[in-house]
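Trainee: Heads up: the sequence shown begins at -18 in the numbering used here, then just goes up one per residue.
C-beta atoms are modelled at their ideal positions from N, C-alpha and C, and glycine is treated no differently.
Small disclaimer: the values here were computed from a predicted structure and weren't measured.
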Amino acid sequence: MLRYNDAWDDARVLTFDFETSGTKPEYALQPWRVAQGKAWVTSLVYSTTVAGERVVEGGLFPSVEMMRSMLQKALDEDLTIVGWNVAFDIAWLIAAGLEDLVMRCNFLDAMLLWRHAEIEPEYEMTAPRRKSYSLKTFVKEYMPGHAGYEDDVDFHDTGMEARAKLHAYNERDVEFTLVGAQHWWNSLQVTQRRAAMIEARAIPLAARANLQGLPVDMLAARELDAKLENDATLEGTKLAFMGVDTSVLRSPIKLGRLLFDDWKLPVLKENTSKITGNTSRSTDKEVLHELAFLDPRAQIISAYREAENNRVKFARTPIASAEYNEDGRVHPSAMIFGTYSGRLTYASKQRAKGPGKRPGTEKLVDLPTGFAIHQEKRGALFRGVLIPPPGYGLMEFDAAGQEFRWMAVASGDEAMLQLCQPGEDPHSYMGSRIVSVDYHWMIANQETDKDAENGRKLGKVANLCVAGGTMILTDRGPCSIEHVRPDDLVWDGVEFVQHSGVSFSGVRDVITYQGLTATPDHRVWSMGGWRRLDEAQRFSWPIERACSSRSAVRIVDGLVRRTFREIGGTLCARAMRLWGGTRGQPAVHGDGTFSTMQGMCCSDAPSARREADYRNGNRQTAPEARQRDVSEMHQPERSVVPQLRRPWDRVSVWLSNRGSDVHQTTPAPRDIPGARYRPARQRWSLRAWKLALGYTQGEPRQQTTARTYDIVNCGLRTRFAANGLIVHNSLQYRTSAGKLRSVARVQYNIPMELPEARRIHTIYQRTYPRVPKYWEEQIRLTKRTHYVETFAGRRVKVDGDWSGNFGWSMGSTAINYRIQGTGADQKYLALAVIKPYLTQIGAYFAWDLHDGIYLFVPLDKMQRAAIDIKYLLDNLPYKRAWGYTPPIPMPWDAKMGGSWGDLKKVHIE
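#1: I believe V197 touches A303 by the beta-carbon criterion, under 8 Å. Please report the beta-carbon distance rounded to the nearest angstrom.
#2: Give the secondary structure of A77 by DSSP, where H, G and I count as helix, E and B as strand, and everything else as coil.
#3: Could you tell me which residues DSSP pairs with E156 in its beta bridges?
#4: Please classify L275 as buried or exposed, where buried requires at least 16 neighbouring CB atoms within 10 angstroms.
#5: Going residue by residue through the stretch 231 to 270, where are the continuous beta strand (DSSP E) segments of at least 3 residues, counting only ones entirely within it?
#6: Give me the DSSP bridge partner(s) of R512.
#7: Is there contact between the stretch 318 to 334 and the stretch 208 to 220, where contact requires at least three CB pairs shorter than 8 Å?
#8: Determine the DSSP secondary structure at Q821, reduced to helix, strand or coil.
#9: For W670, does the count of other Cβ atoms within 10 angstroms reach 16, so buried, or fall short, so exposed?
#10: Give the straight-line distance between the Cα atoms of Y494 and K250, rounded to the nearest whole angstrom.
#11: Using the Cα positions of R513 and H503, report the straight-line distance between them to the nearest angstrom.
#12: Express the C-alpha separation of L79 and S263 in angstroms, rounding to a whole number.
#13: Could you check how far apart the C-beta atoms of V37 and V22 are, in whole angstroms? I think they sit under 8 Å.
#14: Given a threshold of 16 other Cβ atoms within 10 Å of its Cβ, counted over all protein chains shown, does I848 qualify as buried or as exposed?
#15: Give the single residue among S261, W422, H408 and L840 whose Cα lies nearest to the Cα of G823.
#16: Using the rule of at least 16 other Cβ atoms within 10 Å of the residue's Cβ for burial, across every protein chain shown, is G573 buried or exposed?
#17: So A91 and W165 are in contact, right, with Cβ under 8 Å, and what is the actual spacing, rounded?
#18: By Cβ distance below 8 Å, which residues in the same chain neighbour E131 in space, the five residues on each side in sequence not counted?
#19: For S261, which residues of its own chain have a beta-carbon under 6 Å away from its beta-carbon, when the five flanking residues on both sides are left out?
#20: Specify, as a first and last residue, the run of the beta strand (DSSP E) that T30 falls within.
#21: Just how far apart, CA to CA, sit T971 and A846?
#22: Would you list the one or two residues that DSSP bridges to W472?
#23: For the alpha helix (DSSP H) containing N291, name the first residue and the last one.
#24: What are the boundary residues of the alpha helix (DSSP H) that includes V752?
#25: For C401, which residues in the same chain have their Cβ closer than 6 Å to its Cβ, ignoring the five residues on either side in sequence?
#26: Could you compute how far the alpha carbon of M871 sits from the alpha carbon of V293?
#27: Would you say F136 and P12 are within 9 Å of each other, going by their C-beta atoms?
#28: Of the choices A805, Y373, D874 and M843, whose alpha-carbon is the least far from that of A183?
#29: Can you tell me which of the three DSSP states L209 falls into?
#30: Enumerate in chain order the residues of its own chain whose CB-to-CB distance from A143 is below 7 Å, with the five nearest sequence positions on each side excluded.
#31: Report buried or exposed for P125, applying the criterion of at least 16 other Cβ atoms within 10 angstroms of its Cβ.
#32: L853 and V814 look like a contact to me (Cβ under 8 Å); what is the Cβ gap, rounded to whole Å?
#33: Can you tell me which of R85, V160 and T139 puts its alpha carbon nearest to the alpha carbon of F119?
#34: Look at the Cβ atom of S113, then the Cβ atom of N191, and state whether they are nearer than 9 Å.
#35: Within the same chain, show all residues whose beta-carbon is closer than 7 Å to that of W873, passing over the 5 residues directly before and after it, in chain order.
#36: Skipping 5 residues on each side, what residues in its chain have a beta carbon closer than 7 Å to that of I100?
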C-alpha cells in the first residue's frame, strides 16, 4: 500500500476506470439507475505493475465477478486503488453489490491530488466557471501531444467497432490517470500527502451516499409547497394593489429600476462583474432585507421573493427530483474537497445534453437529480422534508464550536482557550456580556428561558462609513478614500498603520461638518472621546485634528514622510509650492542631496506607482528620486490661496489676490478677508494638503446622499485621518459591525440596529484581544511564504499583488483558510475514524453540512451508537493523524430523530 511518506511506487497501486451507459445517455452518470435496470457498466480497465511491467486487465460489459476479482486483488496484494474522480467509480462498484469489499479497500483520487497541489482561492476566479480538474484538462495542459484522444468516441453506440474503440479509450484513461497520480503525488509535500490520504478514507462513504440518496417525505414537501404558495400569493396581491407586476421581480435590472429609480431608495451595495468589470446595483436578499426597514413596499417585495424562492428550492425541487429519479429520493452529489478550503459540498443538478429548439441541435440542460441541501433553511417545516429510510433513524454529530475552538488555538487568546474547557460555553459567555447577565445563569437556563436563549443567540451571532472623495492621509501622500490601496499605510494621528483595504458601503445619507462628509452616526474624536458626527455638529464641538502642532516634515523621494509643522489659522488651497528652509531636512536619495524645492501638481489621486514604499512595516528609501514632484493631490472645490511660501516661523498667503501674513500668534481667521472659520483651535495640517476643516457658519446642515466607503482594520487604535480629522474605524475584526447586524437580521431574524451591533462588536474586541494580533501575524507569514497551511498540512497558494484588487481577499484567505481548512481536515478525520464502526453496525453516512455529520443508523442501534460514535469523535487521534495535538478539548454534540426537522439533542454523561 502507498504511504504518505514514501515516494511514488507503481508496484503499490492498482489503477482503474469505468465507462458506463444507460437507456438514456444521462443515465450513464446515475448509478442508482442500476437497480432499475436502466444503467450499466460498458467497460472496465484496471492495471498493475509487476516486475516493472504494466499489466492491463478488464473487458467490455464486465461481470460482477470481474469487479470483485479486481477489489480482492487489491486487498490480497495490499495495493492502493487509484482513479480519477474515483467517487463516481466507487458508486458503481457498490451498485453492483460489492460494498463489503469497497469499504475494506484503500482508495486515492488523482484528481484530488491535483487540487491539493494547485487549488485556487475563490478570489482568483476570473472566469464564469471554476477551473476544471478533469482528466481531459490534465492531458490537455500537461500532455498536449495526447490532447483530444477522446474525439470520435461514442459512449453509447452498441456496434462492435464502437465498443472496441470505447475499450481502447478506457485503457488510455487508466494510463493517463497513473501518469497524473504519480506527477501530483511527487509534487506534494509530505504533510499534504498525509492530508490527502486521510481525506481519501471518506470517499467511499460519500460515494455510497450519492448512490443511496435521501428519501423525501412527499406529503411534507407538498404541505410546504402549499404554504409557501399561499404566502407568495398574499404578498403578490399586495404588490398588485401597488401597481407592481410580479414579473418585474424576476429581473434584477428591472427590480433595480423600480427600487432605486422609481422609488428613490438608497443603493446599499454594488456588484462588479469579474468578466467585464462593470458594476451593477445589487438587489439580493440582504439588500432587500435592509431596504425593508426603510420602506414597507420593499418589505413586501422581500417577503414575496423569499416565499417564491423557498418554494422553488426547498419544496418543488425535491418533489421534482424524487419523481425524476424514480426512487422517491433526491441524489445531491457529494463532492469531496468541493471548496478551496477543502470542505465537502454538493451539486444539486446534473448537466447533460438535451434537444435544442430546432431538430438536430443540442443544448445543455440541468437535470433535477438533487436539490440545494447546503442552503436548506433552519426551520423544522423545511427540514422535515428529508427523512431516513425505513428501519433507520437520523443522527447528527456536530463539532461543537468548531471554528471558535480552532481560532482559539491559532490565536492563543487566553480567554478563548479558557472558554473551550469542559463545562464552558463561549456563546453563553459572550451573550452574558452583551445582555449584562450572569454567565452561569445563562448556561443553566438557555433551554428553558427565552431571554437566556436569545442572549446566547446574540453571543453566537457575535461600519462606519465616510463619503467618496474624502481625503485620507497615506504614506505616499493624501489620497481620495476610493483610491486608497491595500499596501498604503494610513495615518491614525500617531503613526502610519496598516489596513486591509477599502470596501464600498452603499449610497447612504450623509452630513457635512468641519469639512468632513460622513454618515450621521460615524464616530469622530471630539471633546476627549468618541462622538457621533451629528452630535458634534449639533453642539458645535471641534473634531480633533490628525496632526499635533509644531511637528516636522520630511520629504523623501517625492513622498511626505512625517507631519509638517502646523499653522495656526485656517487656509484654503488651490495650488501650492513649498520651499524648504535652511532648518528643514532636504529630500534624500541614493546619490546625494536632492533640491529642497518641491513641486506640486493637481490630480484626483496620488500616482499609482511610487519610488519609495513600506514593506512589512519597514521604511525604505528608493535609490534615487524619479522627479521633482512631491506627489499628486486631490484639490478642494473652492480656491482662495494661489500660492503658499513657508519659512519655518510663519507663512504668507494671498486670499482672493490680497496678501496677508499669518504667524503662529495671528488672531482668529475671521480677521483674514474671505475666511469664515472659527478661531485658532481649528488647525490645518499641511501634511494632509487639504482645507482647514474648521466649522464654517455657512456650511449646510441638511442631509444628502453620497457613495460611502469603509477602510478595513486600521491598526490597533481603530482610527484614521479623514480630511485631516480623527475618525473611527470599527472594522478591526474582518467582520464589521455592519456585517454583524446583517447576519443577525437575515440569518437569525434578530432585529438588531447598527448601534447595538457596534456595541457587541466592541465587546468582542475587548474580550478576545489576541485575535487581531493573530490576523496581523498570519498575513505577514503568508506574504513571506506565499501559502497558508492548516494544522493538518493542507495548503492553498496565496501569491499575487497584495496592493491590487484582490489584496483584501488575499488577506482574508490568509486568515480564514487556516481555520476553515482545519475544520475540513477535522471532518475528514472524523469520517475516517467512524467508518469501520458504521460498517459494523450497518449504519451509513447520509450527508455533511456546516459543522455537522449526518448518519442513517438502524433504529435498534441508535442509543448505543450515540455513545460509541461520540466517544470516537471526542477522542480523534490528532497526534497520530496530523502530528499535532490540540491544547484544548474538541468535543462533538449528538442529536437524533425521525427526520431532519425533529432532531433532539442527546445528553451523554
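Mentor: In short, the structure shows the following:
#1: Within the sequence shown, residue 197 is the residue found at index 216, counting from 1. Within the sequence shown, residue 303 is the residue found at index 322, counting from 1. About 4 Å separates the CB atoms of V197 and A303; that is less than 8 Å, so the two are in contact.
#2: Translated into positions along the sequence shown, residue 77 becomes position 96. DSSP, reduced to helix, strand and coil, places A77 outside both helices and strands of the structure shown, so it counts as coil.
#3: Counting from one through the sequence shown, the residue named residue 156 turns up at place 175. DSSP output for E156 lists no bridge partner at all.
#4: Translated into the one-based positions of the sequence shown, residue 275 becomes position 294. So L275 counts as exposed.
#5: Taking only runs of at least 3 residues, the beta strand (DSSP E) segments lying wholly in the stretch 231 to 270 are 251 to 253 and 260 to 262.
#6: Taking the first residue of the sequence shown as position 1, residue 512 is located at position 531. Per the DSSP secondary-structure output, R512 pairs in a beta bridge with V505.
#7: Not touching, per the Cβ criterion.
#8: By 1-based counting over the sequence shown, the position of residue 821 is 840. Residue state, collapsed to three classes: helix.
#9: Reading the sequence shown from its first residue, position 689 is the one you call residue 670. Annotation note: pLDDT 33 at W670 (below 50); position unreliable, coordinate value reported separately. In the assembly as shown, W670 is a buried residue. Its beta-carbon has 16 or more other beta-carbons within 10 Å.
#10: For the purposes of this step, residue 494 is identified with residue 513 of the sequence shown, where counting begins at 1. For the purposes of this step, residue 250 is identified with residue 269 of the sequence shown, where counting begins at 1. One C-alpha to the other measures close to 25 Å.
#11: Working through the sequence shown from its first residue, we reach residue 513 at position 532. Working through the sequence shown from its first residue, we reach residue 503 at position 522. Those two C-alpha atoms are separated by around 6 Å.
#12: Counting from 1 along the sequence shown, the entry for residue 263 is found at position 282. Counting from 1 along the sequence shown, the entry for residue 79 is found at position 98. Roughly 51 Å between the two C-alpha positions.
#13: Here residue 37 refers to the residue found at position 56 when the sequence shown is read from its first residue. Here residue 22 refers to the residue found at position 41 when the sequence shown is read from its first residue. Cβ atoms of V37 and V22 stay farther apart than 8 Å, at about 17 Å.
#14: In the sequence shown, the residue the question calls residue 848 occupies position 867. Under this definition I848 is an exposed residue.
#15: Here residue 823 refers to the residue found at position 842 of the sequence shown. Of S261, W422, H408 and L840, the residue nearest in Cα terms is L840.
#16: As a first step, residue 573 is located in the sequence shown; it is residue number 592 there, counting from the start. Note that G573 scores 31 on pLDDT, short of 50, meaning its location in the model is unreliable; the coordinates nonetheless yield the value given after this. Counting Cβ neighbours within 10 Å, G573 comes out exposed, since fewer than 16 surround it.
#17: Translated into positions along the sequence shown, residue 91 becomes position 110. Translated into positions along the sequence shown, residue 165 becomes position 184. Rounded, the Cβ-Cβ distance is 6 Å, consistent with contact.
#18: The count along the sequence shown starts at 1 and reaches residue 131 at position 150. Sequence-distant Cβ neighbours of E131 in its own chain, meaning closer than 8 Å and more than five residues away, are K117 and Y150.
#19: Sequence index remark: in the sequence shown, residue 261 carries index 280 (1-based). Its chain contains N252 as the residues whose beta carbon lies nearer than 6 Å to that of S261, once the 5 sequence neighbours on both sides are disregarded; these appear in chain order.
#20: Position 49 of the sequence shown, counted from the first residue, corresponds to residue 30. Residues A20 to V31.
#21: Residue 971 cannot be examined here, being either before or after the span of the chain that is shown, -18 to 890.
#22: On the sequence shown, residue 472 is found 491 positions in, with the first residue counted as 1. In the DSSP output, where bridge partners are listed per residue, W472 has F477.
#23: One-based indexing of the sequence shown puts residue 291 at position 310. For N291, the enclosing alpha helix (DSSP H) stretches over residues P277 to R292.
#24: As a position in the sequence shown, residue 752 is number 771, starting the count at 1. In the DSSP assignment, V752 falls within the unbroken alpha helix (DSSP H) covering R751 to T766.
#25: Translated into positions along the sequence shown, residue 401 becomes position 420. Here the set comprises R386, A389 and I869.
#26: Locating residue 871 in the sequence shown gives position 890, where the first residue counts as 1. Locating residue 293 in the sequence shown gives position 312, where the first residue counts as 1. Rounded to whole angstroms, the gap between the alpha carbons of M871 and V293 is 38 Å.
#27: Walking along the sequence shown from the start, residue 136 turns up at place 155. Walking along the sequence shown from the start, residue 12 turns up at place 31. Taking 9 Å as the Cβ cut-off, F136 and P12 do not qualify as a contacting pair.
#28: Position 202 of the sequence shown, counted from the start, is the residue given in the question as residue 183. In terms of Cα proximity to A183, the closest of A805, Y373, D874 and M843 is A805.
#29: Along the sequence shown, read from residue 1 onward, the residue named residue 209 stands at position 228. The answer is helix: DSSP assigns L209 an H, G or I state.
#30: Along the sequence shown, one-based indexing puts residue 143 at 162. Excluding the 5 residues flanking it on each side, A143 has same chain C-beta neighbours closer than 7 Å at D135, in chain order.
#31: The residue labelled residue 125 in the question sits at position 144 within the sequence shown. So P125 counts as exposed.
#32: Here residue 853 refers to the residue found at position 872 of the sequence shown. Here residue 814 refers to the residue found at position 833 of the sequence shown. About 5 Å; that satisfies the 8 Å criterion.
#33: Mapped onto the sequence shown, residue 119 falls at position 138. Here the closest residue by C-alpha is V160.
#34: For the purposes of this step, residue 113 is identified with residue 132 of the sequence shown, where counting begins at 1. For the purposes of this step, residue 191 is identified with residue 210 of the sequence shown, where counting begins at 1. Cβ distance not < 9 Å, so S113 and N191 don't count as in contact.
#35: Within the sequence shown, residue 873 is the residue found at index 892, counting from 1. Same-chain partners within the cutoff: F378, D379, A380, A381, K851, L854 and D855.
#36: Stepping through the sequence shown from its first residue, residue 100 is reached at position 119. Hits under 7 Å: Y321 and V777.
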